[in-house]
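Chemist: Supplied in C-alpha cells, the structure appears directly below.
There are 2 protein chains.
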Amino acid sequence: MITKEHSTPESNILNAAKGIFHRKGMAATRMQEIADEAGINKAMLHYYYRSKQLLFEAVFKSAFSTLAPQLNEIINADNSLFDKIRNFTQNYISFIVKHPYLPNFIIQELNRNPEFVEKLFSEKMPNIDKFRKQIENDVKDGLIKPIKAEQLFINILALNVFPFVGAPLIKGFLNLDDDDFLKLMHERKTEVSNFIINAIKI
Amino acid sequence: MITKEHSTPESNILNAAKGIFHRKGMAATRMQEIADEAGINKAMLHYYYRSKQLLFEAVFKSAFSTLAPQLNEIINADNSLFDKIRNFTQNYISFIVKHPYLPNFIIQELNRNPEFVEKLFSEKMPNIDKFRKQIENDVKDGLIKPIKAEQLFINILALNVFPFVGAPLIKGFLNLDDDDFLKLMHERKTEVSNFIINAIKI
DNA sequence: GTCTATAGCCAGATAGAC
DNA sequence: GTCTATCTGGCTATAGAC
C-alpha cells in the first residue's frame, strides 16, 4: 500500500526549502525567504525543524538519496554495458530536466563540507568491482576498446551531469536562450549514449 | 617588456581572497578569514578594496578572464579539429590541476547571479560560426560522423571540466584518495582526446 | 499550532589614534 | 598606511501572547 502524500506543514516547508537551498546553497539561503515561499511565518520553520542546519540537512539528505541510486545503476545494474549506457542517459536526463539545480547543489555542498563525503559514503560504500569485471570481459570479448572502468564511469557522469551544472556557462558561450538549451538537452537523451558507444565500441 | 610582479599589499590581498572565495564562494566567505590568510588586518581589506562586494568582483573577473580564453580556443583556433581537441584537453587539464576550484567557483557564482552572464557575454559575444563551419566541412569530407557543433562543444567541455567540478562525488563513488584521483586526471590528458576522437571519427 | 516582538550574535564597515 | 575599538544592520533563534 502506497502512503498517501498529504500536504502537511512539514512537507510544505521542506518543498519550499528545497527550492531555495538547491538554487542558493546553505550559506546564501535566508530562513525568511523559505518562510515566504512556504507562505508561513519564520517562527514556524523553527517550530518544525529546530534550526537552519537541521532543515538544511533534511534537504541535503533528500537530494542525495534521490541522486545516489541513479548513479549506482551504472555500477550495479545487471544489463549489458550498452543498454546500461542507454538507460542511464535516457533516465537521468529526463529526471534532471525537472530538477536542474540538484546536482549542482550536491556537488557544491560536498565541496564545502569534505567531512560530508566520508559520512555519506562510509555507511554504504559503492563497489565498482562488478562494473570493472563487466568492462574487462567486454574488452576480452572484443566488444569494446580497452578502457579503465573508472575513466568510463567518469565519462558517463560527465556527459550527462555537466550540461546542467554548467548550464549558465554553456548558455553564455553558445548564446542560447532557455528554450534552445532545453531542446539540446532533449536531443542528448540519445545523442550522449550514441557518442559514448561510438567512442568505445570496436 | 614584462611587468615585474611586485608583492604589493593589493596583490597579497587578492591572492588570499582568491583562495578563500574559490573554495567557499561569495556567501560563505568571511572577510576575517581573508585577512588572516593575507596576514593583515581586516580594516586593511576595506582600505584597499572598499567592500566585500568589490573584492569579490575583482576575484571573479580575474577568474573568468583566465578561463574564458581557454574555452574560446575551441571555437576560434585555426588548427584541425582533432588537433584542437588534443590541444585543449592537454592544456586545460594541465592548467586546472593547478587551480582545481576555479571552474566550480565560476559556475557557482554564475548560477547565483544570472545577470552576471548577460553582462559578461554582452561585451564580447562568442561566435561559434567558425567552429560550426569546421564541423560541417569535416562531416562533408567524410572525416567525422554527423554531429551538431553545439553538442560537440558541450561534450568537450563536459569531459574536461566535470571531473574537477564533481571531484568530491567522483572520489566518493569510486572510493579514491587524492593521489588516485590525480593519477586519473593525468591519464585523462590523452584519454579524453582519444575518447572524443574515437566517438566522432569515421 | 500560529503569530508578533525581540533577544543575541555575527560579520561588514568605519572612526580615529598612531 | 596600519592598527584597535566600535558601530550598525541583518539574520538565526526564542519568548510569550493567543
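From first to last, the protein sequence lines stand for chains A and B. Heads up, the first sequence is in this note's numbering, so the first residue is 1 and it goes up one at a time. Heads up, the second sequence is in this note's numbering, so the first residue is 1001 and it goes up one at a time. Built from N, CA and C at the ideal position, the CB exists for glycine as well.
Name the DSSP bridge partner or partners of residue 201 of chain A?
Modeler: If you number the first sequence from 1, residue 201 of chain A lands on position 201. Looking at the DSSP assignment, residue 201 of chain A forms a beta bridge with A/144.
Chemist: To the nearest angstrom, how far is the alpha carbon of residue 34 of chain A from that of residue 16 of chain A?
Modeler: Here the question's residue 34 of chain A lines up with position 34 in the first sequence. Here the question's residue 16 of chain A lines up with position 16 in the first sequence. If you take the alpha carbons of residue 34 of chain A and residue 16 of chain A, they lie about 6 Å apart.
Chemist: Taking contact to mean at least 3 C-beta pairs separated by less than 8 Å, is the region 1070 to 1083 of chain B in contact with the region 1131 to 1147 of chain B?
Modeler: Touching, yes, given that three or more Cβ pairs across the two stretches are closer than 8 Å.
Chemist: Taking residue 1088 of chain B as the reference, which of B/1024, B/1155 and B/1008 has the closest Cα?
Modeler: Here residue 1088 of chain B is taken as the residue at index 88 of the second sequence, counted from 1. Answer by Cα proximity: B/1155.
Chemist: Flag residue 2 of chain A as yes if its beta-carbon sits less than 7 Å from any beta-carbon of chain B, otherwise no.
Modeler: Stepping through the first sequence from its first residue, residue 2 of chain A is reached at position 2. Because residue 2 of chain A sits at a pLDDT of 47, beneath the cut-off of 50, its placement in the model cannot be relied upon, and the point is left open.
Chemist: If we require 3 or more residues per run, which beta strand (DSSP E) segments fall completely within the region 77 to 134 of chain A?
Modeler: As far as the region 77 to 134 of chain A is concerned, it has no whole beta strand (DSSP E) run of at least 3 residues.
Chemist: To the nearest angstrom, how far is the alpha carbon of residue 20 of chain A from that of residue 1114 of chain B?
Modeler: In the first sequence, the residue the question calls residue 20 of chain A occupies position 20. In the second sequence, the residue the question calls residue 1114 of chain B occupies position 114. Distance between the alpha carbons of residue 20 of chain A and residue 1114 of chain B: 15 Å.
Chemist: Can you give the Cα-Cα distance for residue 1190 of chain B and residue 1086 of chain B, rounded to whole angstroms?
Modeler: Position 190 of the second sequence, counted from the first residue, corresponds to residue 1190 of chain B. Position 86 of the second sequence, counted from the first residue, corresponds to residue 1086 of chain B. So the two alpha carbons sit approximately 7 Å from each other.
Chemist: So what does DSSP say about residue 6 of chain A, is it helix, strand or coil?
Modeler: Counting from 1 along the first sequence, the entry for residue 6 of chain A is found at position 6. Note: residue 6 of chain A maps to coil in three-state DSSP.
Chemist: May I have the straight-line CA-CA distance separating residue 1060 of chain B from residue 59 of chain A, to the nearest angstrom?
Modeler: Counted from its first residue, the second sequence places residue 1060 of chain B at position 60. Counted from its first residue, the first sequence places residue 59 of chain A at position 59. Rounded to whole angstroms, residue 1060 of chain B to residue 59 of chain A spans 29 Å at the Cα level.
Chemist: Taking the straight line between their C-alpha atoms, what separation do you get for residue 174 of chain A and residue 8 of chain A?
Modeler: Working through the first sequence from its first residue, we reach residue 174 of chain A at position 174. Working through the first sequence from its first residue, we reach residue 8 of chain A at position 8. Their backbone Cα atoms lie some 43 Å apart in a straight line.
Chemist: Any idea what DSSP makes of residue 40 of chain A, helix, strand or coil?
Modeler: Walking along the first sequence from the start, residue 40 of chain A turns up at place 40. Coil, per DSSP.
Chemist: Using a Cβ-Cβ cut-off of 7 Å (strictly less than) and excluding sequence neighbours within five positions of residue 1076 of chain B, which residues of its own chain qualify?
Modeler: In the second sequence, counting from the first residue as 1, residue 1076 of chain B sits at position 76. The answer, listed in chain order, is 1130.
Chemist: Would you mind reading off the limits of the alpha helix (DSSP H) that contains residue 1155 of chain B?
Modeler: In the second sequence, counting from the first residue as 1, residue 1155 of chain B sits at position 155. Here the alpha helix (DSSP H) through residue 1155 of chain B covers 1149 to 1165.
Chemist: Using the beta-carbon count (16 or more within 10 Å), is residue 1182 of chain B buried or exposed?
Modeler: Along the second sequence, read from residue 1 onward, the residue named residue 1182 of chain B stands at position 182. Residue 1182 of chain B should be labelled exposed.
Chemist: Would you check if the distance between the CB atom of residue 195 of chain A and the CB atom of residue 1199 of chain B is smaller than 7 Å?
Modeler: Here residue 195 of chain A refers to the residue found at position 195 when the first sequence is read from its first residue. Here residue 1199 of chain B refers to the residue found at position 199 when the second sequence is read from its first residue. Yes, the Cβ-Cβ distance between residue 195 of chain A and residue 1199 of chain B is below 7 Å.
Chemist: If contact is defined by three or more beta carbon pairs under 8 Å, each pair taking one atom from either stretch, is the region 1104 to 1112 of chain B in contact with the region 114 to 129 of chain A?
Modeler: Verdict: no, contact absent.
Chemist: Let me check understanding here. Comparing Cα to Cα, which of A/50, A/43 and A/106 lies closest to residue 164 of chain A?
Modeler: In the first sequence, residue 164 of chain A corresponds to position 164, counting from 1. Taking only the C-alpha atoms, the option nearest residue 164 of chain A is A/106.
Chemist: On a CA-only basis, which of A/70, A/6, A/22 and A/37 is nearest residue 57 of chain A? Give me that one, please.
Modeler: The residue you call residue 57 of chain A lines up with position 57 of the first sequence. Ranking the options by Cα distance to residue 57 of chain A, first place goes to A/22.
Chemist: Would you decide whether residue 1094 of chain B is buried or exposed? Buried here means 16 or more other CB atoms lie within 10 Å of its CB.
Modeler: As a working note, residue 1094 of chain B is residue 94 in the second sequence. When all chains shown are included, residue 1094 of chain B counts as exposed.
Chemist: Quick check on residue 1026 of chain B: buried or exposed, where buried means 16 or more other Cβ atoms within 10 Å of its Cβ?
Modeler: Counting from 1 along the second sequence, the entry for residue 1026 of chain B is found at position 26. Under this definition residue 1026 of chain B is a buried residue.
Chemist: With distances taken from CA atoms, which of A/45, A/153 and A/201 is nearest residue 73 of chain A?
Modeler: Locating residue 73 of chain A in the first sequence gives position 73, where the first residue counts as 1. The shortest C-alpha separation from residue 73 of chain A is found at A/153.
Chemist: Name, going along the chain, the residues of the region 21 to 37 of chain A whose beta-carbon falls closer than 9 Å to a beta-carbon of chain B.
Modeler: If the cut-off is 9 Å between Cβ atoms, the region 21 to 37 of chain A has 23, 24, 25, 26, 27, 28 and 29 near chain B.
Chemist: Comparing the C-beta of residue 19 of chain A with each C-beta of chain B, is any distance below 7 Å?
Modeler: Sequence index remark: in the first sequence, residue 19 of chain A carries index 19 (1-based). Judged by the 7 Å Cβ criterion, residue 19 of chain A is not in contact with chain B.
Chemist: With distances taken between CB atoms, is the gap from residue 166 of chain A to residue 1121 of chain B smaller than 7 Å?
Modeler: Against the first sequence, residue 166 of chain A aligns to sequence position 166. Against the second sequence, residue 1121 of chain B aligns to sequence position 121. For residue 166 of chain A and residue 1121 of chain B, no; Cβs fall outside 7 Å.
Chemist: In whole angstroms, give me the CA-to-CA distance for residue 193 of chain A and residue 1136 of chain B.
Modeler: By 1-based counting over the first sequence, the position of residue 193 of chain A is 193. By 1-based counting over the second sequence, the position of residue 1136 of chain B is 136. Their backbone Cα atoms lie some 22 Å apart in a straight line.
Chemist: Using only the alpha-carbon positions, how far apart do residue 188 of chain A and residue 157 of chain A sit?
Modeler: Here residue 188 of chain A refers to the residue found at position 188 when the first sequence is read from its first residue. Here residue 157 of chain A refers to the residue found at position 157 when the first sequence is read from its first residue. Cα to Cα, residue 188 of chain A sits roughly 13 Å from residue 157 of chain A.
Chemist: So, helix, strand or coil for residue 12 of chain A, using DSSP?
Modeler: The residue you call residue 12 of chain A lines up with position 12 of the first sequence. Helix, per DSSP.
Chemist: With distances taken Cα to Cα, identify the nearest neighbour of residue 28 of chain A among A/13, A/52 and A/47.
Modeler: As a working note, residue 28 of chain A is residue 28 in the first sequence. Of the listed residues, the one whose Cα sits closest to residue 28 of chain A is A/52.
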